[in-house]
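J.: The numbering used here runs 22 ahead of the 1-based position in the sequence shown.
Every residue gets a Cβ at the ideal spot worked out from N, C-alpha and C, and that includes glycine.
First the structure, then my questions, so here it is.
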Amino acid sequence: MKLQESAENYLETIFVLGISGAPVRSIDVAMELDYSKPSVSVAMKNLRAKGYVIVDTDGYITLTESGQKIAKSMYERHVLISDWLIFLGVDKKTAMTDACKMEHSMSEDSFEAIKAHIEAWKKACQT
């Protein structure tokens, strides 16, 4: 099932915020995305209902296995595409914005082809 872009953004944001090991709360997500707390609360309710997140009694958000899989995929896409665009000469701010758009709309086949191309290029440069 293909998630809406906004759901993918929420999952990726929770993942990124959690990388530090600090617990993630709705307010953290709201601040990071510059969304209202009520909007994030509705999104967390929907993500919880779909089995992508767990929100404990203290309000801490944890990604489920399926939520983490999606979040990691979006994060991998974002990092690879933004780094690639920066390498091509796009300024960092534009590259980050464009990568965020591209990561959601690109097919898995296209992403894997770009990833393989970059990996082959890096390997060729090392020899």
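Rounded to whole angstroms, what's the CA-CA distance from G127 to Q90? Just pull it up for me.
T.: According to the sequence displayed, residue 127 carries Ser and not Gly. If you take the alpha carbons of S127 and Q90, they lie about 19 Å apart.
J.: DSSP state of T84, grouped into three classes?
T.: Looking at T84 - three-state DSSP - the assignment turns out to be strand.
J.: On the DSSP letters alone, give me the boundaries of the beta strand (DSSP E) that K140 sits inside.
T.: First, the residue type needs correcting, since residue 140 is Ile and not Lys in the sequence shown. Per DSSP, I140 belongs to no beta strand (DSSP E); it is in the alpha helix (DSSP H), E130 to Q148.
J.: Rounding to the nearest angstrom, what Cα-Cα distance links Y74 and Y82 in this structure?
T.: Taking the straight line joining both Cα atoms gives about 14 Å.
J.: Secondary structure at V38, three-state DSSP: helix, strand or coil?
T.: V38 falls in the helix class under three-state DSSP.
J.: Leaving out five residues before and five after D50 in sequence, what residues of the same chain have Cβ atoms less than 6 Å from its Cβ?
T.: The residues are L39.
J.: Below 6 Å CB to CB, which residues in the same chain sit around E34 once its five sequence neighbours on both sides are set aside?
T.: Excluding sequence neighbours, E34 sits near A93, M96 and Y97.
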